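Going by my numbering, 492 is the number at position 82 of the sequence shown; the sequence numbering is gapless.
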Amino acid sequence: MGYEFEDGSLISKELEKKIRKLHATVGNAVTEGRYIVFGAGSTQLLNAAVHALAADASSSPAKVVASAPYYPVYKSQTELFESAKFKFEGHTSSWMNSSSINFIEFVTSPNNPDGQLKKAVLQGPNAKQIYDPK
Numbered sequence: 411m412g413y414e415f416e417d418g419s420l421i422s423k424e425l426e427k428k429i430r431k432l433h434a435t436v437g438n439a440v441t442e443g444r445y446i447v448f449g450a451g452s453t454q455l456l457n458a459a460v461h462a463l464a465a466d467a468s469s470s471p472a473k474v475v476a477s478a479p480y481y482p483v484y485k486s487q488t489e490l491f492e493s494a495k496f497k498f499e500g501h502t503s504s505w506m507n508s509s510s511i512n513f514i515e516f517v518t519s520p521n522n523p524d525g526q527l528k529k530a531v532l533q534g535p536n537a538k539q540i541y542d543p544k
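Here it is as structure tokens:
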């Protein structure tokens with residue numbers, strides 16, 4: 411059983427427009443030029459994002475990192491869905507001066523439990539971010 415819209419897609423264009431409008435109005439996320447990803451649960455979405463951002467042709471796996479406090483599933487799902495393309499490598503601060511390495515950084519914003527808005531720690535062409543509002 412599946413759900414399909416009149417245009418043959420599996421994603422509601424109307425829902426996507428409303429999500430973009432909401433974020434533009436509130437100002438809490440940039441959606442222009444970005445994909446809106448839908449899923450049945452956060453573990454599936456996080457895993458799909460890590461797979462999508464990990465380079466296929468890299469000689470070494472992308473290092474998946476996060477700044478504490480972070481959602482423990484970042485580590486467990488990265489290890490559970492084991493891949494030669496990525497590996498969980500712990501806290502972001504351990505990798506601050508490693509600009510030549512491929513990174514996927516989980517950014518929990520707003521953070522739990524303090525509600526602080528966080529920004530990515532790692533910058534540069536080899537650093538990719540997944541923003542997760544836990």
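Note that CB positions come from ideal geometry on N, CA and C, so glycine has one too.
Owing to the predicted nature of the structure, the values given are computational and were not obtained by experimental measurement.
Who are V517's beta bridge partners in DSSP? Taking the first residue of the sequence shown as position 1, residue 517 is located at position 107. In the DSSP output, where bridge partners are listed per residue, V517 has Y541.
Under 7 Å Cβ to Cβ from P543, same chain only, skipping five residues before and after it: list those, please. Locating residue 543 in the sequence shown gives position 133, where the first residue counts as 1. S519, P520.
Which of helix, strand or coil does DSSP assign to K495? Within the sequence shown, the letter at position 85 stands for residue 495. The answer is coil: DSSP assigns K495 none of H, G, I, E or B.
Take R430 and list the residues in its own chain whose beta-carbon comes closer than 6 Å to its own, dropping the five residues that flank it on each side. Counting from one through the sequence shown, the residue named residue 430 turns up at place 20. Cβ neighbours of R430 beyond the five flanking positions: T441.
State buried or exposed for L527, treating a residue as buried only when at least 16 other CB atoms are found within 10 Å of its CB. Taking the first residue of the sequence shown as position 1, residue 527 is located at position 117. Exposed: under 16 other Cβ atoms inside 10 Å.
Can you tell me whether A439 is helix, strand or coil according to DSSP? In the sequence shown, the residue the question calls residue 439 occupies position 29. In the structure shown, A439 sits in coil (DSSP, three-state: anything other than H, G, I, E or B).
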